Each structure stands twice: as structure tokens, then as C-alpha cells.
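Peer 1:
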Amino acid sequence: MANKQSIKIHILHTGLVKVDKALPFHGQFRNPLAFTGLFRSEKNQIVLPVSSYLIEHPKGLILVDTGWNKLVRQSNWKELGPQVQINTGYLPQGWSVDERLQKLGYKPSDIDYLLLSHLHCDHVSGLKQVKDAKNILVSQPEWEIANHLPMVYLPQEWKGVNVQTYKYDHSDIGPFGESFDLFGDGSIVQIRTPGHATGMSATMIKGSDGKYVLLAADTGYAARSWEEMLTPGICTNRKDAITSLGWVREQAHSEKCIAAIANHDPKVDSQIIELPY
């Protein structure tokens, strides 16, 4: 566990995903179906990292997202079904979330809180590999929609896993004034950032000096997304996506922001960021 006076954030790559380059950056391609990869050649494909985050906090060990399941090493089709048309997963040896944890000296049952930013496959595929986490949490609106849209989501990825939901509180935080404060002290806050997914949450980790790290989930696929205001190709609500992205941009430009990190940014390496607590 981290020193009691600090919060330590480990940025972990827990897979790679090959997608059409229209998926990360909407509006740059004339074909409205470009993000699906249909009728487009291999030259339009790009490979991006899939990230998870381990937070060593004085009040508990926290994991954010789970990356790919080891099954993608054998067969993308068995894990993803028809969604392989949009995503192709890759998982190098040693990269699965449980393998990453083991290298850091932890096992899944050591995790006090597993926070799922949203329930798209590349964020929750590895869930069963860490199903022994003490508390597995996702926002209530994301849970509700994910279990009613089986063509967009893959409910088998959390079947048999004890997933709990949290409700957002009305607050002065976030693009829509809705957030969930995990410990009630402002150090770990789930912030509703809808658009790409209805109940998606970004995670703000704030130190005792007021400086913070923002894990932006898929609000944008890279820092370039908020710098150029490019929403993801897939959105449930484009207007909400723009609103959320604008908020992330402002947070990223604040002097209090140490880092704003998108889940799939190829320019973000594995690293450790430490904040005072």
C-alpha cells in the first residue's frame, strides 16, 4: 500500500485495440459509417492502447477498468462476437489486468474498489479476471442501459459478477453537475461525462494540495480529442459528448491539473504519478 501521506496512480496498459481511424476522431471522414470499418481497407486501421489504472490510496486499493480478457489471445470472436467488425483486441503476455496486478504484488481480492468508467467491451472484458475485488461499482444509468442494449454491450462479460451501482449526486463538479465521491473527501470522484456512453464516468484524483489527475475515460480518445474538440465516432448523444469534451478541455488546461489522460492515447506511456494526501 502507498505511503499514508500519498496517493500513487499506476497507468497500466492492459491490451491493444485495432480500430478504424474514424472511431477515435469523428468528423474527419466523409463516410458516416467509417468508424465501423465496414467497406474500408486495412490502411484505415490504427492500433491504440487499452488502459487500466491502479490507485494506491490510504483508504484503499482502487482499480479503474479492466482491459481485455485473456480469451482474446485465443479468439476475438469468442470474446466479442460480431463486435470484431469494430474492435480487434490484442493482449501481449503479461499485459492482462491480473498479470499486471501480480507484477505489482497484488491479487484481485486485494482490490477494495473496482470502478468501471463504462461497460464497453474494451473496458470490462477483463472483469472476470478480477471478480474477487471487494466492491465492483458502475454508475446506475450505465448499468441500466448496458443490460438493455445487448448489440452494443456484451452482458456475458459481467454475468455472474457481483456488480453494484452508485447514483450520482448533484454537485458543482462536472459538465452536468453530477458526481459520486467515493470516500466523501474529494480525493476520488466519479464525474458523469456522457456522450460516448450514457452513464460514463471520468475519475478525478485530487491531492491535498488541490492539484489533480483526470482520467478522462473515453470522453476523448487522446489529448488531441479535447485540444481539437474531436468527439469519438461512437456516441449515444453527440451534443452531450461535445459538452463533456469541452469540460475536460477546461480541466486539462487548469494550472491545478497535473495530467489529463485519455484511455486510448498512444502518446501516454505506462507510468506512476504521485499526489500528496
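If you're matching positions, the sequence shown starts at 4 in the working numbering and goes up one per residue. For every residue, glycine included, the Cβ atom is placed at its ideal position computed from N, Cα and C. Being a predicted model, the structure only gives us computed values, none of them experimental.
1) Taking a contact to mean a Cβ-Cβ separation below 8 angstroms, would you say Ser55 touches Leu19 in this structure?
2) Looking at C-alpha atoms only, which residue of Pro197, Val271, Leu117 and Asn138 is the closest neighbour of Gly249?
3) Between which two residues does the alpha helix (DSSP H) holding Glu59 run?
4) Note down the Cα distance separating Gly189 from Glu45, rounded to an integer number of angstroms.
5) So, with DSSP's three-state summary, where would you put Lys11?
6) Contact between the region 204-217 and the region 82-92 is defined here as three or more beta-carbon pairs at a separation below 8 angstroms; is this criterion met?
7) Are the beta-carbon atoms belonging to Ser142 and Ser204 less than 8 angstroms from one another?
8) Looking at Thr69: is its Cβ nearer than 8 angstroms to the Cβ of Ser128?
9) Rank Tyr169, Gly92, Trp229 and Ala136 by C-alpha distance to the C-alpha of Pro144 and give the top, closest one.
10) Taking the CB atoms as reference points, tell me whether His13 and Ile275 lie closer together than 8 angstroms.
11) Leaving out five residues before and five after Ala62 in sequence, what residues of the same chain have Cβ atoms less than 6 angstroms from its Cβ?
12) Please state whether the Cβ-Cβ distance between Leu118 and Ile194 is less than 8 angstroms.
13) Given Met232, which residues of its chain have a CB within under 8 angstroms of its CB, disregarding the five upstream and five downstream residues?
14) Enumerated in chain order, which unbroken segments of the alpha helix (DSSP H) with a length of 4 residues or greater are wholly contained in the region 93-169?
15) How far does the alpha helix (DSSP H) with Val251 in it reach, from first residue to last?
16) Near Trp146, what residues of its chain come up, given a Cβ to Cβ distance below 6 angstroms and the 5 sequence neighbours on each side ignored?
17) Among the candidates Asp272, Leu122, Phe183 and Phe179, whose CA atom is the shortest distance from the CA of Tyr171?
18) Can you give me the C-alpha to C-alpha distance between Asn47 and Ile114, rounded to a whole angstrom?
19) Please identify the residue among Thr17, Ala265 and Asn165 whose C-alpha is closest to the C-alpha of Glu102.
20) If I follow the unbroken beta strand (DSSP E) through Glu277, where does it start and stop?
21) What first and last residue would you give for the beta strand (DSSP E) that runs through Leu217?
22) Do Leu26 and Pro235 have their C-beta atoms closer together than 8 angstroms?
23) So Ser9 and Pro279 are in contact, right, with Cβ under 8 angstroms, and what is the actual spacing, rounded?
24) Leaving out five residues before and five after Trp161 in sequence, what residues of the same chain have Cβ atoms less than 6 angstroms from its Cβ?
25) Tell me the rounded alpha-carbon separation between Arg241 and His199.
26) Specify the secondary structure class of Lys73 as computed by DSSP and reduced to three states.
Peer 2: The relevant details are as follows:
1) Here the question's residue 55 lines up with position 52 in the sequence shown. Here the question's residue 19 lines up with position 16 in the sequence shown. No, the pair does not count as a contact, with Cβ atoms beyond the cut-off.
2) Here residue 249 is taken as the residue at index 246 of the sequence shown, counted from 1. Of the listed residues, the one whose Cα sits closest to Gly249 is Pro197.
3) Residue mapping note: residue 59 aligns to position 56 of the sequence shown, counting from 1. Run containing Glu59: none in the alpha helix (DSSP H); it sits in the beta strand (DSSP E), Gln48 to His60.
4) Counting from one through the sequence shown, the residue named residue 189 turns up at place 186. Counting from one through the sequence shown, the residue named residue 45 turns up at place 42. Looking at the two C-alpha atoms, the distance is approximately 45 angstroms.
5) Residue numbering aside, residue 11 sits at position 8 when the sequence shown is read from its first letter. Here Lys11 sits in strand by DSSP.
6) no
7) Sequence index remark: in the sequence shown, residue 142 carries index 139 (1-based). Sequence index remark: in the sequence shown, residue 204 carries index 201 (1-based). Closer than 8 angstroms, so yes.
8) Residue mapping note: residue 69 aligns to position 66 of the sequence shown, counting from 1. Residue mapping note: residue 128 aligns to position 125 of the sequence shown, counting from 1. Their beta carbons are under 8 angstroms apart, which means Thr69 touches Ser128 by this criterion.
9) Walking along the sequence shown from the start, residue 144 turns up at place 141. Pro144 has its Cα closest to that of Tyr169, out of Tyr169, Gly92, Trp229 and Ala136.
10) Position 10 of the sequence shown, counted from the start, is the residue given in the question as residue 13. Position 272 of the sequence shown, counted from the start, is the residue given in the question as residue 275. Contact flag set, yes.
11) Working through the sequence shown from its first residue, we reach residue 62 at position 59. In the sequence as presented, Ala is not what sits at residue 62; that position holds Lys. Closer than 6 angstroms at Cβ, skipping near neighbours: Phe186.
12) Along the sequence shown, read from residue 1 onward, the residue named residue 118 stands at position 115. Along the sequence shown, read from residue 1 onward, the residue named residue 194 stands at position 191. Result no, Cβ atoms of Leu118 and Ile194 do not sit closer than 8 angstroms.
13) The residue given as residue 232 occupies position 229 in the sequence shown. Taken in chain order, the residues that qualify are Ile245, Leu248, Gly249 and Arg252.
14) 100-106, 124-127 and 143-149
15) Within the sequence shown, the letter at position 248 stands for residue 251. Start and end: Arg241 to His256.
16) Position 143 of the sequence shown, counted from the start, is the residue given in the question as residue 146. Hits under 6 angstroms: Thr168.
17) Start at 1 with the first residue of the sequence shown, and residue 171 comes out as number 168. Minimum Cα distance to Tyr171 is reached at Phe183.
18) As a position in the sequence shown, residue 47 is number 44, starting the count at 1. As a position in the sequence shown, residue 114 is number 111, starting the count at 1. Rounded to the nearest angstrom, the two C-alpha atoms are 39 angstroms apart.
19) Within the sequence shown, the letter at position 99 stands for residue 102. Nearest C-alpha to Glu102: Thr17.
20) Counting from one through the sequence shown, the residue named residue 277 turns up at place 274. Note, Glu277: beta strand (DSSP E), Gln274 to Pro279.
21) Residue mapping note: residue 217 aligns to position 214 of the sequence shown, counting from 1. Tyr215 to Leu218 is the span of the beta strand (DSSP E), which, as asked, contains Leu217.
22) Residue mapping note: residue 26 aligns to position 23 of the sequence shown, counting from 1. Residue mapping note: residue 235 aligns to position 232 of the sequence shown, counting from 1. Taking 8 angstroms as the Cβ cut-off, Leu26 and Pro235 qualify as a contacting pair.
23) Translated into positions along the sequence shown, residue 9 becomes position 6. Translated into positions along the sequence shown, residue 279 becomes position 276. 6 angstroms between Cβ atoms; contact.
24) On the sequence shown, position 158 is the one that residue 161 refers to. For Trp161, where only same-chain residues beyond five positions count, the Cβ hits under 6 angstroms are Leu130.
25) As a position in the sequence shown, residue 241 is number 238, starting the count at 1. As a position in the sequence shown, residue 199 is number 196, starting the count at 1. Roughly 8 angstroms between the two C-alpha positions.
26) Numbered from its first residue, the sequence shown carries residue 73 at position 70. The answer is helix: DSSP assigns Lys73 an H, G or I state.
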